[in-house]
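Presented below is the structure to which this report refers.
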Amino acid sequence: MDKNNYFLINISLLHRCGQKYYDKLLSDTNINASQVPFLILIYENEGISMQELAARGCFDKGTITKSIQKLEENGYVQSVPSFTDKRIRNLYTSEKAKNIIPQIYMIRKQWWERLTAGLDTSQQEQFSFLLNEISEKARTYNEADEKQSLPIFGIQKLTLLDYPSKMASTLFCGGCNMRCPFCHNKGLVFLDETMQKLDNDDILSFLRKRKNILEGVCISGGEPLLHDTLEPFLRILKSFGYSIKLDTNGSFPERLKDLIEKGLVDYVAMDIKNCISRYEETCGVSDFDVTPVKESVSYLMEHRIPYEFRTTLVKEFHDEKAIREIGKWLKGADHYYLQNFKNSSSVIQSGLHSFEPDELYAFKKILEETIQQVDIRGID
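Residue numbers (the numbering used here): 1184 to 1563.
Quick look at the structure:
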(Lines of atoms letter the chains of each structure in order from A and count residues from 1; the text may use other names and numbers.)
(Lines give C-alpha, C1' and ligand atoms only; values in the text may rest on other atoms or scores of the structure.)
Protein backbone atom coordinates (compact mmCIF):
# COMPACT_ATOMS: atom_id res chain seq x y z
CA MET A 1 0.00 0.00 0.00
CA ASP A 2 1.17 3.53 -0.77
CA LYS A 3 1.98 5.12 2.59
CA ASN A 4 1.51 8.58 1.12
CA ASN A 5 -2.19 7.83 0.82
CA TYR A 6 -2.74 7.03 4.51
CA PHE A 7 -4.77 10.19 5.12
CA LEU A 8 -6.03 9.02 8.51
CA ILE A 9 -2.53 8.13 9.70
CA ASN A 10 -1.10 11.44 8.47
CA ILE A 11 -3.81 13.43 10.24
CA SER A 12 -3.18 11.43 13.42
CA LEU A 13 0.56 12.05 13.11
CA LEU A 14 0.05 15.81 12.74
CA HIS A 15 -2.25 15.81 15.76
CA ARG A 16 0.07 13.81 18.02
CA CYS A 17 3.23 15.69 17.05
CA GLY A 18 1.43 19.00 17.52
CA GLN A 19 0.33 17.91 20.98
CA LYS A 20 3.90 17.06 21.96
CA TYR A 21 5.12 20.44 20.67
CA TYR A 22 2.49 22.46 22.57
CA ASP A 23 2.87 20.37 25.74
CA LYS A 24 6.63 20.92 25.78
CA LEU A 25 6.45 24.69 25.31
CA LEU A 26 3.55 25.13 27.74
CA SER A 27 4.90 22.78 30.41
CA ASP A 28 5.22 25.56 33.02
CA THR A 29 1.64 26.85 32.58
CA ASN A 30 -0.56 23.87 33.57
CA ILE A 31 -2.14 24.11 30.10
CA ASN A 32 -1.96 21.05 27.88
CA ALA A 33 -2.37 20.84 24.12
CA SER A 34 -5.93 19.51 24.28
CA GLN A 35 -7.03 22.63 26.20
CA VAL A 36 -5.46 25.15 23.79
CA PRO A 37 -8.31 25.13 21.19
CA PHE A 38 -10.88 25.81 23.93
CA LEU A 39 -8.84 28.63 25.43
CA ILE A 40 -8.35 30.32 22.05
CA LEU A 41 -12.02 29.99 21.10
CA ILE A 42 -13.14 31.45 24.44
CA TYR A 43 -10.61 34.31 24.22
CA GLU A 44 -11.72 35.20 20.69
CA ASN A 45 -15.43 34.79 21.55
CA GLU A 46 -15.80 36.04 25.13
CA GLY A 47 -19.11 34.90 26.61
CA ILE A 48 -19.43 31.87 24.33
CA SER A 49 -21.59 29.08 25.73
CA MET A 50 -20.51 25.46 26.06
CA GLN A 51 -23.10 24.52 23.42
CA GLU A 52 -21.63 27.03 20.96
CA LEU A 53 -18.14 25.82 21.79
CA ALA A 54 -19.18 22.25 21.01
CA ALA A 55 -20.69 23.30 17.68
CA ARG A 56 -17.62 25.34 16.63
CA GLY A 57 -15.19 22.47 17.05
CA CYS A 58 -17.43 19.38 16.88
CA PHE A 59 -16.39 18.55 20.45
CA ASP A 60 -18.35 16.09 22.56
CA LYS A 61 -19.86 17.20 25.86
CA GLY A 62 -17.57 15.06 28.01
CA THR A 63 -14.39 16.41 26.41
CA ILE A 64 -15.50 20.03 26.82
CA THR A 65 -16.61 19.56 30.44
CA LYS A 66 -13.29 18.01 31.52
CA SER A 67 -11.17 20.62 29.74
CA ILE A 68 -13.18 23.59 31.00
CA GLN A 69 -13.09 22.25 34.56
CA LYS A 70 -9.28 22.04 34.38
CA LEU A 71 -8.99 25.54 32.91
CA GLU A 72 -11.25 26.86 35.68
CA GLU A 73 -9.27 25.06 38.40
CA ASN A 74 -6.05 26.62 37.08
CA GLY A 75 -7.54 30.10 36.91
CA TYR A 76 -7.67 30.55 33.14
CA VAL A 77 -11.43 30.46 32.53
CA GLN A 78 -14.55 31.62 34.35
CA SER A 79 -17.96 30.01 33.87
CA VAL A 80 -20.90 32.37 34.46
CA PRO A 81 -24.66 31.60 34.30
CA SER A 82 -26.39 33.31 31.37
CA PHE A 83 -28.57 36.33 32.21
CA THR A 84 -31.33 35.04 29.92
CA ASP A 85 -31.23 31.33 30.75
CA LYS A 86 -29.68 30.07 33.99
CA ARG A 87 -29.26 26.60 32.46
CA ILE A 88 -26.68 27.99 30.03
CA ARG A 89 -23.20 28.89 31.24
CA ASN A 90 -21.13 31.48 29.38
CA LEU A 91 -17.35 31.25 29.33
CA TYR A 92 -14.81 34.06 29.79
CA THR A 93 -11.03 34.18 29.99
CA SER A 94 -9.34 35.52 33.12
CA GLU A 95 -6.57 38.11 33.29
CA LYS A 96 -4.17 35.21 33.80
CA ALA A 97 -5.31 33.72 30.49
CA LYS A 98 -5.15 37.05 28.66
CA ASN A 99 -1.53 37.42 29.73
CA ILE A 100 -0.56 34.01 28.34
CA ILE A 101 -2.56 34.06 25.08
CA PRO A 102 0.18 36.01 23.20
CA GLN A 103 2.63 33.21 24.08
CA ILE A 104 0.16 30.60 22.77
CA TYR A 105 -0.29 32.55 19.54
CA MET A 106 3.49 32.65 19.10
CA ILE A 107 3.77 28.89 19.70
CA ARG A 108 1.01 28.34 17.13
CA LYS A 109 2.86 30.50 14.60
CA GLN A 110 6.17 28.72 15.20
CA TRP A 111 4.51 25.31 14.72
CA TRP A 112 2.95 26.45 11.45
CA GLU A 113 6.34 27.71 10.25
CA ARG A 114 7.91 24.34 11.06
CA LEU A 115 5.21 22.47 9.16
CA THR A 116 5.36 24.70 6.09
CA ALA A 117 9.14 25.15 5.93
CA GLY A 118 10.24 24.89 2.30
CA LEU A 119 6.81 25.76 0.91
CA ASP A 120 6.46 29.04 -0.94
CA THR A 121 3.62 31.47 -0.20
CA SER A 122 1.42 30.05 -2.95
CA GLN A 123 1.84 26.49 -1.68
CA GLN A 124 1.10 27.55 1.88
CA GLU A 125 -2.07 29.33 0.78
CA GLN A 126 -3.16 26.33 -1.27
CA PHE A 127 -2.50 23.96 1.63
CA SER A 128 -4.43 26.21 4.02
CA PHE A 129 -7.33 26.47 1.58
CA LEU A 130 -7.55 22.71 1.03
CA LEU A 131 -7.30 22.00 4.75
CA ASN A 132 -10.13 24.44 5.47
CA GLU A 133 -12.28 22.90 2.72
CA ILE A 134 -11.72 19.35 3.98
CA SER A 135 -12.33 20.41 7.58
CA GLU A 136 -15.62 22.08 6.65
CA LYS A 137 -16.77 18.92 4.87
CA ALA A 138 -15.90 16.92 7.97
CA ARG A 139 -17.73 19.39 10.22
CA THR A 140 -20.92 19.32 8.16
CA TYR A 141 -20.82 15.58 7.50
CA ASN A 142 -24.27 14.04 7.65
CA GLU A 143 -24.15 10.39 8.65
CA ALA A 144 -27.68 9.83 7.40
CA ASP A 145 -26.64 10.69 3.83
CA GLU A 146 -23.79 8.19 3.99
CA LYS A 147 -26.02 5.37 5.23
CA GLN A 148 -28.25 5.64 2.19
CA SER A 149 -25.42 4.81 -0.20
CA LEU A 150 -23.95 1.42 -1.12
CA PRO A 151 -20.14 1.83 -1.25
CA ILE A 152 -19.39 0.88 -4.86
CA PHE A 153 -15.87 1.51 -6.14
CA GLY A 154 -15.94 -0.10 -9.56
CA ILE A 155 -18.21 -1.18 -12.38
CA GLN A 156 -17.76 -3.51 -15.33
CA LYS A 157 -20.50 -2.33 -17.63
CA LEU A 158 -20.72 -5.53 -19.65
CA THR A 159 -19.69 -9.07 -18.80
CA LEU A 160 -20.55 -12.33 -20.53
CA LEU A 161 -18.62 -14.38 -17.96
CA ASP A 162 -19.60 -13.30 -14.44
CA TYR A 163 -23.27 -14.32 -14.55
CA PRO A 164 -23.85 -17.75 -16.18
CA SER A 165 -25.97 -17.51 -19.34
CA LYS A 166 -26.70 -13.80 -18.90
CA MET A 167 -25.42 -10.49 -20.22
CA ALA A 168 -24.71 -8.51 -17.09
CA SER A 169 -22.93 -5.65 -15.38
CA THR A 170 -20.73 -6.23 -12.34
CA LEU A 171 -20.54 -3.81 -9.42
CA PHE A 172 -17.65 -3.96 -6.93
CA CYS A 173 -18.38 -3.05 -3.31
CA GLY A 174 -15.60 -1.90 -1.00
CA GLY A 175 -14.67 -3.48 2.30
CA CYS A 176 -14.03 -7.08 3.30
CA ASN A 177 -13.80 -9.01 6.56
CA MET A 178 -11.09 -11.28 5.11
CA ARG A 179 -7.50 -10.63 4.01
CA CYS A 180 -6.85 -13.52 1.62
CA PRO A 181 -3.18 -13.27 0.57
CA PHE A 182 -4.06 -14.20 -3.03
CA CYS A 183 -6.91 -11.67 -3.36
CA HIS A 184 -6.54 -9.66 -6.57
CA ASN A 185 -8.69 -6.79 -5.29
CA LYS A 186 -6.52 -5.46 -2.47
CA GLY A 187 -7.75 -1.94 -3.18
CA LEU A 188 -11.27 -3.03 -2.23
CA VAL A 189 -9.98 -4.70 0.93
CA PHE A 190 -7.78 -1.94 2.34
CA LEU A 191 -9.74 0.98 0.81
CA ASP A 192 -7.06 3.56 0.19
CA GLU A 193 -8.50 6.98 1.13
CA THR A 194 -7.91 8.25 -2.40
CA MET A 195 -10.18 5.62 -3.97
CA GLN A 196 -13.19 7.25 -5.59
CA LYS A 197 -16.58 5.90 -4.58
CA LEU A 198 -19.04 5.81 -7.47
CA ASP A 199 -22.26 7.76 -7.15
CA ASN A 200 -25.20 5.38 -6.66
CA ASP A 201 -27.52 7.64 -8.67
CA ASP A 202 -25.15 7.53 -11.66
CA ILE A 203 -24.94 3.73 -11.49
CA LEU A 204 -28.70 3.33 -11.21
CA SER A 205 -29.24 5.76 -14.08
CA PHE A 206 -26.92 3.68 -16.27
CA LEU A 207 -28.65 0.41 -15.32
CA ARG A 208 -32.10 1.90 -15.83
CA LYS A 209 -31.17 2.87 -19.39
CA ARG A 210 -29.72 -0.62 -20.09
CA LYS A 211 -32.56 -2.67 -18.60
CA ASN A 212 -33.80 -3.75 -22.04
CA ILE A 213 -30.29 -4.85 -23.06
CA LEU A 214 -28.73 -6.33 -19.93
CA GLU A 215 -30.30 -9.27 -18.12
CA GLY A 216 -28.52 -9.29 -14.80
CA VAL A 217 -26.37 -7.43 -12.29
CA CYS A 218 -23.54 -9.08 -10.36
CA ILE A 219 -22.81 -7.66 -6.92
CA SER A 220 -19.21 -8.44 -6.04
CA GLY A 221 -16.52 -7.08 -3.76
CA GLY A 222 -14.97 -7.00 -1.31
CA GLU A 223 -17.79 -8.56 0.65
CA PRO A 224 -21.18 -7.06 -0.29
CA LEU A 225 -23.01 -8.53 2.73
CA LEU A 226 -21.05 -6.24 5.05
CA HIS A 227 -23.33 -3.37 4.08
CA ASP A 228 -26.81 -2.64 5.44
CA THR A 229 -27.48 -0.53 2.35
CA LEU A 230 -27.30 -3.58 0.08
CA GLU A 231 -30.96 -4.54 0.50
CA PRO A 232 -32.51 -1.19 -0.57
CA PHE A 233 -30.09 -1.06 -3.49
CA LEU A 234 -31.12 -4.56 -4.61
CA ARG A 235 -34.79 -3.60 -4.36
CA ILE A 236 -34.21 -0.83 -6.87
CA LEU A 237 -32.40 -3.21 -9.23
CA LYS A 238 -35.24 -5.72 -8.96
CA SER A 239 -37.73 -2.96 -9.79
CA PHE A 240 -35.83 -2.53 -13.06
CA GLY A 241 -36.42 -6.23 -13.78
CA TYR A 242 -32.85 -7.46 -13.29
CA SER A 243 -31.76 -10.88 -12.10
CA ILE A 244 -29.24 -10.54 -9.28
CA LYS A 245 -26.09 -12.59 -8.77
CA LEU A 246 -24.34 -12.18 -5.43
CA ASP A 247 -20.68 -12.98 -4.80
CA THR A 248 -19.95 -13.72 -1.13
CA ASN A 249 -17.47 -15.40 1.17
CA GLY A 250 -20.32 -16.84 3.23
CA SER A 251 -19.46 -15.11 6.50
CA PHE A 252 -22.95 -13.68 6.99
CA PRO A 253 -25.45 -16.54 6.63
CA GLU A 254 -28.39 -14.70 8.20
CA ARG A 255 -28.07 -11.78 5.81
CA LEU A 256 -27.66 -14.18 2.90
CA LYS A 257 -30.80 -16.12 3.88
CA ASP A 258 -32.79 -12.92 4.37
CA LEU A 259 -31.99 -11.56 0.91
CA ILE A 260 -32.72 -14.88 -0.79
CA GLU A 261 -36.01 -15.41 1.03
CA LYS A 262 -37.09 -11.87 0.16
CA GLY A 263 -36.52 -12.69 -3.52
CA LEU A 264 -33.72 -10.15 -3.91
CA VAL A 265 -31.00 -12.61 -5.01
CA ASP A 266 -31.36 -15.11 -7.86
CA TYR A 267 -27.91 -16.72 -8.00
CA VAL A 268 -25.08 -17.01 -5.46
CA ALA A 269 -21.39 -17.59 -6.11
CA MET A 270 -19.76 -18.46 -2.79
CA ASP A 271 -16.01 -18.62 -2.28
CA ILE A 272 -14.68 -21.69 -0.50
CA LYS A 273 -11.26 -20.53 0.63
CA ASN A 274 -9.91 -23.95 1.57
CA CYS A 275 -10.65 -27.03 3.63
CA ILE A 276 -11.96 -26.22 7.10
CA SER A 277 -8.67 -27.04 8.85
CA ARG A 278 -6.77 -24.46 6.75
CA TYR A 279 -9.41 -21.73 6.53
CA GLU A 280 -7.73 -19.39 9.00
CA GLU A 281 -4.39 -19.19 7.18
CA THR A 282 -6.04 -18.99 3.77
CA CYS A 283 -8.45 -16.16 4.57
CA GLY A 284 -5.71 -14.20 6.34
CA VAL A 285 -7.59 -13.74 9.62
CA SER A 286 -6.29 -15.28 12.84
CA ASP A 287 -8.82 -17.12 15.03
CA PHE A 288 -11.33 -17.05 12.18
CA ASP A 289 -14.59 -18.80 13.08
CA VAL A 290 -15.61 -20.94 10.11
CA THR A 291 -19.02 -21.80 11.62
CA PRO A 292 -20.94 -19.08 9.70
CA VAL A 293 -19.29 -20.20 6.46
CA LYS A 294 -20.40 -23.79 7.08
CA GLU A 295 -23.92 -22.52 7.78
CA SER A 296 -24.00 -20.67 4.45
CA VAL A 297 -22.79 -23.78 2.62
CA SER A 298 -25.52 -25.91 4.21
CA TYR A 299 -28.18 -23.35 3.39
CA LEU A 300 -27.20 -23.06 -0.28
CA MET A 301 -27.13 -26.83 -0.61
CA GLU A 302 -30.84 -26.86 0.22
CA HIS A 303 -31.23 -25.81 -3.44
CA ARG A 304 -33.45 -22.78 -2.82
CA ILE A 305 -31.84 -20.91 -5.74
CA PRO A 306 -29.09 -21.72 -8.26
CA TYR A 307 -25.61 -21.44 -6.76
CA GLU A 308 -21.99 -22.31 -7.28
CA PHE A 309 -19.03 -22.84 -4.99
CA ARG A 310 -15.59 -21.81 -6.16
CA THR A 311 -12.02 -21.94 -4.91
CA THR A 312 -9.00 -20.01 -6.12
CA LEU A 313 -6.15 -22.50 -5.99
CA VAL A 314 -2.70 -21.36 -4.83
CA LYS A 315 0.26 -23.69 -4.36
CA GLU A 316 1.18 -22.17 -1.01
CA PHE A 317 -2.26 -22.95 0.46
CA HIS A 318 -3.77 -25.92 -1.38
CA ASP A 319 -2.69 -29.52 -1.90
CA GLU A 320 -4.26 -32.91 -2.57
CA LYS A 321 -5.14 -33.44 1.09
CA ALA A 322 -6.98 -30.10 1.23
CA ILE A 323 -8.83 -30.90 -2.00
CA ARG A 324 -10.01 -34.25 -0.65
CA GLU A 325 -11.25 -32.56 2.54
CA ILE A 326 -13.14 -29.97 0.49
CA GLY A 327 -14.70 -32.77 -1.56
CA LYS A 328 -16.02 -34.44 1.60
CA TRP A 329 -17.31 -31.12 2.96
CA LEU A 330 -19.16 -30.16 -0.25
CA LYS A 331 -20.43 -33.66 -1.03
CA GLY A 332 -23.63 -33.40 -3.06
CA ALA A 333 -23.08 -29.81 -4.20
CA ASP A 334 -24.43 -28.87 -7.62
CA HIS A 335 -21.53 -27.01 -9.16
CA TYR A 336 -17.96 -26.31 -8.08
CA TYR A 337 -15.38 -24.22 -9.93
CA LEU A 338 -11.63 -24.46 -9.52
CA GLN A 339 -10.07 -21.11 -10.36
CA ASN A 340 -6.38 -20.97 -11.14
CA PHE A 341 -4.53 -18.21 -9.32
CA LYS A 342 -3.07 -15.44 -11.48
CA ASN A 343 -0.38 -13.22 -10.02
CA SER A 344 -0.54 -9.46 -10.53
CA SER A 345 0.47 -6.17 -8.91
CA SER A 346 -2.97 -5.91 -7.29
CA VAL A 347 -2.58 -9.12 -5.25
CA ILE A 348 -2.28 -8.63 -1.48
CA GLN A 349 0.76 -10.90 -1.07
CA SER A 350 3.39 -11.12 -3.77
CA GLY A 351 5.36 -14.24 -4.64
CA LEU A 352 2.50 -16.74 -4.72
CA HIS A 353 2.30 -19.48 -7.35
CA SER A 354 -0.37 -21.07 -9.53
CA PHE A 355 -0.80 -24.73 -10.44
CA GLU A 356 -0.04 -26.35 -13.78
CA PRO A 357 -3.06 -27.47 -15.87
CA ASP A 358 -2.38 -31.16 -15.29
CA GLU A 359 -2.40 -30.58 -11.51
CA LEU A 360 -5.76 -28.80 -11.76
CA TYR A 361 -7.26 -31.66 -13.77
CA ALA A 362 -6.03 -34.11 -11.14
CA PHE A 363 -7.83 -32.09 -8.46
CA LYS A 364 -10.93 -31.99 -10.66
CA LYS A 365 -10.96 -35.77 -10.92
CA ILE A 366 -10.76 -36.13 -7.12
CA LEU A 367 -13.65 -33.71 -6.58
CA GLU A 368 -15.87 -35.39 -9.17
CA GLU A 369 -16.11 -38.35 -6.80
CA THR A 370 -18.43 -36.32 -4.54
CA ILE A 371 -19.62 -33.26 -6.52
CA GLN A 372 -21.95 -33.41 -9.53
CA GLN A 373 -20.21 -30.89 -11.78
CA VAL A 374 -16.66 -29.59 -11.44
CA ASP A 375 -15.14 -27.13 -13.89
CA ILE A 376 -11.89 -25.22 -14.19
CA ARG A 377 -11.45 -21.52 -14.83
CA GLY A 378 -8.29 -19.60 -15.57
CA ILE A 379 -6.42 -21.96 -17.89
CA ASP A 380 -5.17 -20.19 -21.00
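Glycine included, each C-beta is placed from N, C-alpha and C at the ideal position.
At the level of alpha carbons, what is the spacing between residue i and residue j?
i, j, result
"Leu-1413", "Ser-1422", "14 Å"
"Glu-1552", "Ala-1452", "21 Å"
"Tyr-1204", "Trp-1294", "8 Å"
"Ile-1427", "Ala-1321", "35 Å"
"Phe-1435", "Glu-1376", "26 Å"
"Thr-1267", "Asn-1273", "11 Å"
"Leu-1381", "Tyr-1519", "32 Å"
"His-1501", "Gln-1234", "59 Å"
"Lys-1207", "Ser-1217", "13 Å"
"Lys-1349", "Ile-1509", "29 Å"
"Leu-1387", "Thr-1342", "17 Å"
"Phe-1389", "Pro-1415", "17 Å"
"Ser-1210", "Ser-1265", "33 Å"
"Asn-1193", "Arg-1199", "10 Å"
"Leu-1298", "Ile-1459", "52 Å"
"Ala-1238", "Gln-1306", "30 Å"
"Lys-1429", "Ser-1403", "Residue identity check: residue 1429 is Leu in the sequence provided, not Lys. Cα-Cα distance, rounded: 6 Å."
"Leu-1420", "Glu-1229", "55 Å"
"Leu-1236", "Lys-1269", "17 Å"
"Asn-1432", "Gln-1379", "24 Å"
"Leu-1313", "Glu-1319", "10 Å"
For residue i, tell me which candidate among the options has the shortest Cα-Cα distance.
i, options, result
"Gly-1561", "Asp-1449, Pro-1407, Val-1473, Asp-1345", "Asp-1345"
"Lys-1253", "Thr-1212, Ile-1396, Ile-1549", "Thr-1212"
"Val-1358", "Leu-1408, Phe-1546, Phe-1312", "Before going on, a small fix: residue 1358 reads as Gly here, not Val. Selected option, being the one with the closest Cα: Leu-1408."
"Tyr-1425", "Ser-1217, Ile-1396, Leu-1196", "Ile-1396"
"Glu-1256", "Pro-1285, Ile-1214, Ala-1238, Cys-1363", "Ile-1214"
"Leu-1521", "Glu-1398, Asn-1457, Asn-1383", "Asn-1457"
"Glu-1278", "Pro-1285, Tyr-1259, Arg-1270", "Tyr-1259"
"Leu-1513", "Ile-1488, Phe-1471, Asp-1541, Val-1557", "Val-1557"
"His-1367", "Tyr-1189, Leu-1535, Ile-1194", "Leu-1535"
"Phe-1221", "Gly-1515, Lys-1477, Val-1476, Ser-1262", "Ser-1262"
"Gly-1515", "Ile-1554, Phe-1312, Met-1378", "Ile-1554"
"Phe-1524", "Glu-1542, Asp-1517, Lys-1511", "Glu-1542"
"Ala-1280", "Asp-1384, Leu-1302, Ile-1251, Thr-1474", "Ile-1251"
What distance in whole Å lies between the Cβ atoms of residue j and residue i, which are believed to be in contact at a cut-off of 8 Å?
i, j, result
"Tyr-1529", "Lys-1369", "Per the sequence shown, the amino acid found at residue 1529 is Ser instead of Tyr. The Cβ separation is near 6 Å, so the contact holds."
"Ile-1225", "Tyr-1275", "7 Å"
"Ser-1352", "Val-1400", "5 Å"
"Phe-1538", "Lys-1504", "Not a contact, Cβ separation roughly 15 Å."
"Arg-1487", "Ile-1455", "Contact doesn't hold; Cβ gap of about 18 Å is too wide."
"Phe-1471", "Glu-1478", "Not confirmed; about 14 Å, so no contact."
"Pro-1334", "Ile-1531", "So it is not a contact: roughly 19 Å between Cβ atoms."
Within a Cβ cutoff of 6 Å, which residues of the same chain sit near residue i, ignoring the five residues on either side of it in sequence?
i, result
"Pro-1347", "none"
Which residues in the same chain have their Cβ closer than 7 Å to the Cβ of residue i, if we skip the five residues on either side of it in sequence?
i, result
"Glu-1316", "none"
Within its chain, find whatever has a CB closer than 8 Å to the CB of residue i; leave out the 5 residues flanking it on each side and keep chain order.
i, result
"Arg-1362", "Val-1372, Cys-1466, Gly-1467, Val-1468, Ile-1531"
Check your understanding: On the three-pair Cβ rule with 8 Å, is the region 1474 to 1489 touching the region 1441 to 1451?
Key -> yes
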